[in-house]
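Engineer:
In my numbering, the protein residues as written are 223 to 373.
1) For residue 363 and residue 332, I'd like the C-alpha separation in whole angstroms.
2) Look at residue 334 and residue 365 and say whether their C-beta atoms are less than 9 angstroms apart.
3) What number of angstroms, rounded off, separates the C-alpha of residue 308 from the C-alpha of residue 274?
4) Please state whether DSSP places residue 329 in a helix, a strand or coil.
5) Counting only the same chain and skipping the five closest in sequence on each side, list residues whose C-beta sits under 6 angstroms from that of residue 279.
6) How many Å lie between residue 318 and residue 296 at the Cα?
7) If you run the structure through DSSP and keep just helix, strand and coil, what is residue 344?
8) Assign residue 234 to buried or exposed, taking buried as 16 or more other Cβ atoms, counted over all protein chains shown, within 10 Å of its Cβ.
9) Check residue 357 in the structure and name its three-state DSSP category.
10) Look up residue 229 in the DSSP assignment and say whether it is helix, strand or coil.
11) Residue 262: which of 236, 294 and 325 sits nearest, CA to CA?
12) Under the rule that 16 or more other beta-carbon atoms within 10 Å means buried, what is residue 325, buried or exposed?
13) Short of 7 angstroms in beta carbon distance, which residues of its chain neighbour residue 270, apart from the five on each side in sequence? Order them along the chain.
14) Can you give me the C-alpha to C-alpha distance between residue 237 and residue 359, rounded to a whole angstrom?
15) Output needed for residue 351: all residues of its chain with C-beta closer than 8 angstroms, excluding positions within five of it in sequence on either side, in chain order.
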């Protein structure tokens, strides 16, 4: 069995295991002192914990589960859940990460680095200055976190 096949089997196991755990918690009798919403929330937390720890899906997909499941299960309305995902800082970082990924996909970061080395020079101090200039240049359009991730 190749590494890819074993990874695929692990992901399937984690995905299905999380869904089974989610279903078991939803179907078990209501413990004394717990509301129906509390039990549903516990099921969502168990599903997210299983998928997050086991990395059955991308972490971003797991993080979006409450946006979908809370309104479906009656835990919270979509008007209560959505503002937590629609914070302007979230969109700032998301946009910055998208720009950084696009720059990496088209090798703009390599072209920028070569351009700076040609312009600045190849001495150690000059290369450090080039890094500083590149990060300052990129920070004008994308967040500092995305700039650091790209460099």
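From the three backbone atoms N, C-alpha and C, an ideal C-beta is built for every residue, glycine too.
Structural biologist: According to the structure data:
1) 18 angstroms
2) no
3) 22 angstroms
4) coil
5) 273
6) 34 angstroms
7) coil
8) exposed
9) helix
10) helix
11) 294
12) buried
13) 284 and 287
14) 42 angstroms
15) 342
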